[in-house]
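Q: The listed protein sequences correspond, in order, to chains G and U.
The first sequence begins at 9 in the numbering used here and counts up one residue at a time.
The second sequence begins at 31 in the numbering used here and counts up one residue at a time.
My questions will all concern the structure given below.
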Amino acid sequence: MKRELPGSAKIVMRDLGKVFERAGGSQNIALVDVSLEVGDGEFVCIVGPSGCGKTTLLRIVAGLEALTTGTLEMRRADEESRPANAMVFQESSLFPWLTVLDNAAFGLEMRGMSKAERFARTRPILEMVGLTRFEGHYPHQLSGGMKQRVSLARAFVNDPDILLMDEPFAALDAQTKLILQEELLRIWETHRKTVLFITHAIDDRAGRSSRRDVLVAGPHHRGDTGGIRTAARHCRTEGAARVR
Amino acid sequence: MPRKAKWRSTASHERMLAIGSPVLLLVVWELLVRAKFLDARFVPAPSTIFETAWQMILSGELWEHVRASLLRLAGGFVVGVVPGIAIGLVMGLNRYVRAALDPLVAATFPIPKIAILPLLMLAFGIGEASKIAVIAIAVVYLALINTMLGVVTLDRVYFEVARNYGAPWRKLFTRVIIPGALPHIFAGLRLSLGVSLIVIVSAEFVAAKSGIGYLIWTSWESLVIEKMFVGIIVITLLGVVFNAILKEVERLCIPWRNE
Numbered sequence: 009m010k011r012e013l014p015g016s017a018k019i020v021m022r023d024l025g026k027v028f029e030r031a032g033g034s035q036n037i038a039l040v041d042v043s044l045e046v047g048d049g050e051f052v053c054i055v056g057p058s059g060c061g062k063t064t065l066l067r068i069v070a071g072l073e074a075l076t077t078g079t080l081e082m083r084r085a086d087e088e089s090r091p092a093n094a095m096v097f098q099e100s101s102l103f104p105w106l107t108v109l110d111n112a113a114f115g116l117e118m119r120g121m122s123k124a125e126r127f128a129r130t131r132p133i134l135e136m137v138g139l140t141r142f143e144g145h146y147p148h149q150l151s152g153g154m155k156q157r158v159s160l161a162r163a164f165v166n167d168p169d170i171l172l173m174d175e176p177f178a179a180l181d182a183q184t185k186l187i188l189q190e191e192l193l194r195i196w197e198t199h200r201k202t203v204l205f206i207t208h209a210i211d212d213r214a215g216r217s218s219r220r221d222v223l224v225a226g227p228h229h230r231g232d233t234g235g236i237r238t239a240a241r242h243c244r245t246e247g248a249a250r251v252r
Numbered sequence: 031m032p033r034k035a036k037w038r039s040t041a042s043h044e045r046m047l048a049i050g051s052p053v054l055l056l057v058v059w060e061l062l063v064r065a066k067f068l069d070a071r072f073v074p075a076p077s078t079i080f081e082t083a084w085q086m087i088l089s090g091e092l093w094e095h096v097r098a099s100l101l102r103l104a105g106g107f108v109v110g111v112v113p114g115i116a117i118g119l120v121m122g123l124n125r126y127v128r129a130a131l132d133p134l135v136a137a138t139f140p141i142p143k144i145a146i147l148p149l150l151m152l153a154f155g156i157g158e159a160s161k162i163a164v165i166a167i168a169v170v171y172l173a174l175i176n177t178m179l180g181v182v183t184l185d186r187v188y189f190e191v192a193r194n195y196g197a198p199w200r201k202l203f204t205r206v207i208i209p210g211a212l213p214h215i216f217a218g219l220r221l222s223l224g225v226s227l228i229v230i231v232s233a234e235f236v237a238a239k240s241g242i243g244y245l246i247w248t249s250w251e252s253l254v255i256e257k258m259f260v261g262i263i264v265i266t267l268l269g270v271v272f273n274a275i276l277k278e279v280e281r282l283c284i285p286w287r288n289e
């Protein structure tokens, strides 16, 4: 994928670093000098072993974690009320006290949209993920796969610039995972959102797709690029290598 | 749907057992008294007790006592539970408030609240205020501790979702924190209800001229055992009825609960 125009980059990270200060003065270095550009409409997978800092990276982009060093820029074509990003969390993060419809419409409700308007906007998205019949159900009445579909819908309804997905299908069985990954790719094909997708499984369908950028994080690929430091005693994300 | 049909019959069996076992107990009790296995002077037959209760209802005596206890219960419950939930929410949300109040709560919670009734009577007089106060003080802890627990144990991910989706503070409160803590809040209310019944009866034993506790105690002192039993049965019924009402309210307020 070519990226001639710097203006087409959605996310630009420069030498991003994150250090967690632990109680007692010790430090946990999660990210070291990560530089990465994600272009508009790209589907970028970040692959790496557990604990290497993938989630931390995503949480920084989501604004849930502050960065320690470096810069993070997110470029937006238009300044408007829709949010810059929406995150699909790893575990089931649906609100147990809201119905499927209310859960999916949560972001719109937080932005102060009227009930009629937000439901009108949410229903087509629920249809897209195949949950129209379940809009009145509560999360505990759904299977794991259905719950993650709702999570996906909840992120999508906001029409965010960037979709952030933190191992969204990790807890699902292999078959459901495969189906949802296919669906996610199908949705991505039509909507061309910028997606940052995290997975620890190298064989994830989304991660294998040759048309997409795959980032391998962690010390496992030292030598891939010149910028990686190899003195990694902790497992951590040190730079990011582009693999075609 | 044979499975559903079977489930329903199990449920109706359970209901029959639930009603049947107390009835059976009453029948056995009645028979034991009539067969003189039990001394009717100390343990009157259920039929005698119901007879007495009926006369007390007709004369208005029973209602007078029930009314007095109900007013104290309602007053004490509201005065205790409302600030309990409010303070519990603040403590759950703000770690500094929690750090400041937690030791106070922990130190004073184990005091049997009936022990401070004399102190409260000094402060509020011997009238209704001191009884309302003792119930309020007994239930405020239960509402407070459970509400705080409900907020503190709320999964962090819900706050992060709200933050990621740009929830303003007011909506975070009404759509995430309150519903998230609601199951614990109701647990606190159920406990408060049970404790308020214990406390009101104890307070009326020693410091009242009306109420169900007073009825039980004076009946015992004058050895009108039937009336004593009427008092015990009425307070039991009140507990059962309040619990059923609270359960129904809970069911309406927490429709998402997995049963």
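Virtual Cβ for every residue (Gly too), placed ideally from N, Cα, C.
Note that this is a predicted model, so its numbers are computed, not measured.
Report the neighbours of residue 104 of chain G on chain U: residues whose CB is nearer than 7 Å to its CB, in chain order.
A: Residues of chain U passing the Cβ test: 286.
Q: Show which residues of chain A have a CB atom less than 9 Å away from the CB atom of residue 99 of chain G.
A: Within the model displayed, chain A is absent; protein chains G and U are what it includes.
Q: If residue 227 of chain U and residue 196 of chain U are in contact, beta carbons under 8 Å, what's the gap, nearest whole angstrom?
A: Wrong, their Cβ atoms sit about 46 Å apart, outside the cutoff.
Q: Assuming residue 174 of chain U contacts residue 135 of chain U (C-beta within less than 8 Å), just tell me the rounded distance between them.
A: Confirmed, about 7 Å.
Q: Give a yes or no on whether the minimum CB-CB distance between residue 280 of chain U and chain G is below 8 Å.
A: No, residue 280 of chain U does not count as interfacial toward chain G.
Q: Given that residue 141 of chain G touches chain U, what residues does it touch there, using C-beta distances under 8 Å?
A: Residues of chain U passing the Cβ test: none, with the nearest at roughly 18 Å.
Q: Taking a cut of 8 Å between CB atoms, which residues from the region 202 to 219 of chain U lie near chain G?
A: Answer set for the region 202 to 219 of chain U: 205, 206, 209, 210, 212.
Q: Just to make sure I have the definition right: I need the residues of chain U whose C-beta is within less than 9 Å of the C-beta of residue 91 of chain G. Which are they?
A: Going along chain U in sequence order, the residues near residue 91 of chain G (Cβ under 9 Å) are 194, 195, 196.
Q: Report the option in G:18, G:130, G:146, G:69 whose CA atom is closest to the CA atom of residue 94 of chain G.
A: Here the closest residue by C-alpha is G:69.
Q: Excluding the 5 residues flanking residue 59 of chain U on each side, which residues of the same chain have their C-beta closer than 6 Å to its C-beta?
A: The residues are 76.
Q: Taking 8 Å as the CB-CB limit, is residue 113 of chain G close to chain U?
A: Cβ-Cβ to chain U under 8 Å: no for residue 113 of chain G.
Q: Can you list the alpha helix (DSSP H) stretches of 4 or more residues lying completely in the region 33 to 94 of chain G, in chain order?
A: Complete alpha helix (DSSP H) runs here, min 4: 62 to 70.
Q: Have a look at residue 107 of chain U and residue 154 of chain U and give me their C-alpha separation to the nearest angstrom.
A: Cα to Cα, the separation comes out at about 17 Å.
Q: Specify the secondary structure class of residue 69 of chain U as computed by DSSP and reduced to three states.
A: Residue state, collapsed to three classes: coil.
Q: With DSSP as the reference, label residue 172 of chain G as helix, strand or coil.
A: Looking at residue 172 of chain G - three-state DSSP - the assignment turns out to be strand.
Q: Check whether the Cβ atoms of residue 202 of chain U and residue 192 of chain U sit closer than 8 Å, and answer yes or no.
A: Yes, the pair counts as a contact, with Cβ atoms nearer than the cut-off.
Q: Span of the beta strand (DSSP E) holding residue 25 of chain G?
A: Where residue 25 of chain G is concerned, the enclosing beta strand (DSSP E) stretches over 17 to 29.
Q: Using a Cβ-Cβ cut-off of 8 Å, state whether residue 70 of chain G counts as contacting chain U.
A: Cβ-Cβ to chain U under 8 Å: yes for residue 70 of chain G.
Q: Give every residue of the same chain whose Cβ lies closer than 8 Å to the Cβ of residue 109 of chain G, excluding the five residues on either side of it in the sequence, and list them in chain order.
A: Once the five neighbours on either side are set aside, the close Cβ partners of residue 109 of chain G are 127, 130, 131, 134, 143, 144.
Q: Can you grab the Cα-Cα spacing for the pair residue 42 of chain U / residue 57 of chain G, in whole Å?
A: Answer to the nearest angstrom: the Cα atoms are 54 Å apart.
Q: Between the region 111 to 125 of chain U and the region 251 to 263 of chain U, are three or more C-beta pairs nearer than 8 Å?
A: The region 111 to 125 of chain U vs the region 251 to 263 of chain U: no contact.
Q: Curious, which full-length beta strand (DSSP E) runs of at least 3 residues does the region 186 to 224 of chain U contain?
A: For the region 186 to 224 of chain U, not a single whole beta strand (DSSP E) run of length 3 or above is found.
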